[in-house]
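The sequence shown begins at 2 in my numbering and counts up by one. C-beta atoms are modelled at their ideal positions from N, C-alpha and C, and glycine is treated no differently. Since the structure comes first, as structure tokens, the remarks are kept for the end.
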Amino acid sequence: MTTDVEPINQHTAARILREAADRLVATQAGAITAAARLIVDGLRAGGLIQAFATGHSRSITAEIVGRAGGLVPANALSIKDLVMYGGADPREILDPTVERDPALAERILDLAEIHPSDVFVITSNSGGNGSVVELARLARAGGHPVIAITSAEQSRRITSRHPSGQRLFELADVVIDNGAPRGDAALELPTGVRITPTSSLTGVLIAQLLVTEVCGLLLAAGEDVPVLVSANVPEGDAHNETLFARYGSRLRPSEP
Numbered sequence: 002m003t004t005d006v007e008p009i010n011q012h013t014a015a016r017i018l019r020e021a022a023d024r025l026v027a028t029q030a031g032a033i034t035a036a037a038r039l040i041v042d043g044l045r046a047g048g049l050i051q052a053f054a055t056g057h058s059r060s061i062t063a064e065i066v067g068r069a070g071g072l073v074p075a076n077a078l079s080i081k082d083l084v085m086y087g088g089a090d091p092r093e094i095l096d097p098t099v100e101r102d103p104a105l106a107e108r109i110l111d112l113a114e115i116h117p118s119d120v121f122v123i124t125s126n127s128g129g130n131g132s133v134v135e136l137a138r139l140a141r142a143g144g145h146p147v148i149a150i151t152s153a154e155q156s157r158r159i160t161s162r163h164p165s166g167q168r169l170f171e172l173a174d175v176v177i178d179n180g181a182p183r184g185d186a187a188l189e190l191p192t193g194v195r196i197t198p199t200s201s202l203t204g205v206l207i208a209q210l211l212v213t214e215v216c217g218l219l220l221a222a223g224e225d226v227p228v229l230v231s232a233n234v235p236e237g238d239a240h241n242e243t244l245f246a247r248y249g250s251r252l253r254p255s256e257p
């Protein structure tokens with residue numbers, strides 16, 4: 002007797018990840034375009050992208066900020082800013098549950114040089130941890146557009162850890178759904194646990210589609226496109242330093 006149980010191997014994972022990417026492209030084009038237009042409006046007004054995430058979602062921030070082939074006017078906000086810029090004891094943040102603390106958000110923003118026209122891109126698969134929700138709430142209160150990259154399925158099924166009970170998608174002007182399933186991992190093992198998380202792959206894809214759409218909108222309008230060139234090619238440093246000077250101290254140096 003044969004069964005229809007799918008084998009657990011790299012080919013199965015590849016199929017799942019391809020399908021996740023295809024669904025994203027098929028369903029999120031409108032949201033990505035809407036988000037890109039918010040960013041373009043902010044850049045035209047002299048703003049920057051302020052990108053925030055915790056945990057593995059920081060990989061999406063890394064695709065937006067300080068990335069060769071990406072936009073220069075973008076900053077990464079992070080819980081570790083409390084140590085790097087605020088002088089906090091590293092032991093304060095060496096706890097994976099610290100992201101649940103709403104009080105961290107205001108401290109993180111206090112360390113950043115925020116312009117009235119800045120646009121916030123906040124990534125959280127669950128969308129319910131206190132620091133993420135509070136940072137989105139503070140950004141909205143400051144009049145900033147908020148773009149959320151999150152899992153609609155996961156977020157709608159959780160209880161928020163923020164005192165308000167709100168989740169990230171409820172505070173965003175534009176929500177881009179990364180399509181990740183509850184718990185993120187998509188391939189079930191015989192034991193019932195799951196592997197092959199999809200949110201990092203679809204999140205990176207979202208970041209690249211979003212940046213490309215922003216650049217396309219700027220080009221279509223005949224405007225300058227401030228793109229970072231790799232520092233590992235001869236012309237990179239000179240090109241980038243000219244753009245960095247345009248934004249001055251508002252633009253944080255990227256990490257090595």
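Check residue i in the structure and name its three-state DSSP category.
{"i": "residue 222", "result": "coil"}
{"i": "residue 187", "result": "strand"}
{"i": "residue 209", "result": "helix"}
{"i": "residue 174", "result": "coil"}
{"i": "residue 78", "result": "strand"}
{"i": "residue 3", "result": "In this predicted model, residue 3 has a pLDDT of only 48, less than 50, meaning its place in the structure is not dependable; the value taken from the coordinates is given anyway. Coil at residue 3, not helix or strand."}
{"i": "residue 51", "result": "strand"}
{"i": "residue 160", "result": "coil"}
{"i": "residue 192", "result": "coil"}
{"i": "residue 1", "result": "Since the displayed the chain opens at 2 and closes at 257, residue 1 lies outside it and no answer follows."}
{"i": "residue 203", "result": "helix"}
{"i": "residue 40", "result": "helix"}
{"i": "residue 215", "result": "helix"}
{"i": "residue 228", "result": "strand"}
{"i": "residue 252", "result": "coil"}
CB residue i to CB residue j, shorter than 8 Å?
{"i": "residue 25", "j": "residue 180", "result": "yes"}
{"i": "residue 129", "j": "residue 159", "result": "yes"}
{"i": "residue 133", "j": "residue 123", "result": "yes"}
{"i": "residue 230", "j": "residue 236", "result": "yes"}
{"i": "residue 108", "j": "residue 87", "result": "yes"}
{"i": "residue 74", "j": "residue 252", "result": "yes"}
{"i": "residue 78", "j": "residue 46", "result": "no"}
{"i": "residue 206", "j": "residue 22", "result": "yes"}
{"i": "residue 48", "j": "residue 116", "result": "yes"}
{"i": "residue 84", "j": "residue 255", "result": "no"}
{"i": "residue 110", "j": "residue 139", "result": "yes"}
{"i": "residue 175", "j": "residue 32", "result": "yes"}
{"i": "residue 214", "j": "residue 28", "result": "no"}
{"i": "residue 258", "j": "residue 163", "result": "The displayed coordinates of the chain run from 2 to 257. Any statement about residue 258 would go beyond what the structure contains."}
{"i": "residue 98", "j": "residue 80", "result": "no"}
What is the residue span of the alpha helix (DSSP H) that residue i lies within?
{"i": "residue 72", "result": "Note, residue 72: premise wrong, no alpha helix (DSSP H); not H, not E."}
{"i": "residue 1", "result": "Lying outside 2 to 257, the shown extent of the chain, residue 1 is not represented and no answer is given."}
{"i": "residue 84", "result": "82–85"}
{"i": "residue 59", "result": "59–65"}
{"i": "residue 109", "result": "104–111"}
{"i": "residue 89", "result": "No alpha helix (DSSP H) contains residue 89, which DSSP labels as neither H nor E."}
{"i": "residue 242", "result": "237–248"}
{"i": "residue 139", "result": "131–142"}
Measuring only from the beta carbon, is residue i closer than 7 Å to any heavy atom that is part of the ligand COA?
{"i": "residue 151", "result": "For the ligand COA, the structure offers nothing, since it holds no ligand at all."}
Please look up how many angstroms separate the CB atoms of residue i and residue j, rounded, as I've assumed it's under 8 Å.
{"i": "residue 50", "j": "residue 72", "result": "7 Å"}
{"i": "residue 170", "j": "residue 146", "result": "Actually they do not touch by this definition, with Cβ atoms about 14 Å apart."}
{"i": "residue 218", "j": "residue 36", "result": "Not confirmed; about 11 Å, so no contact."}
{"i": "residue 232", "j": "residue 61", "result": "About 21 Å separates the two Cβ atoms, so there is no contact after all."}
{"i": "residue 153", "j": "residue 178", "result": "4 Å"}
{"i": "residue 156", "j": "residue 58", "result": "About 13 Å separates the two Cβ atoms, so there is no contact after all."}
By the DSSP assignment, the beta strand (DSSP E) with residue i in it spans what residues?
{"i": "residue 148", "result": "147–151"}
{"i": "residue 99", "result": "No beta strand (DSSP E) contains residue 99, which DSSP labels as neither H nor E."}
{"i": "residue 1", "result": "Residue numbering for the chain in the displayed model covers 2 to 257; residue 1 lies beyond these limits and cannot be assessed."}
So, does the CB of residue i fall closer than 8 Å to a CB anywhere in chain C?
{"i": "residue 62", "result": "As a matter of chain content, chain C is missing from the structure shown, which is built from one protein chain."}
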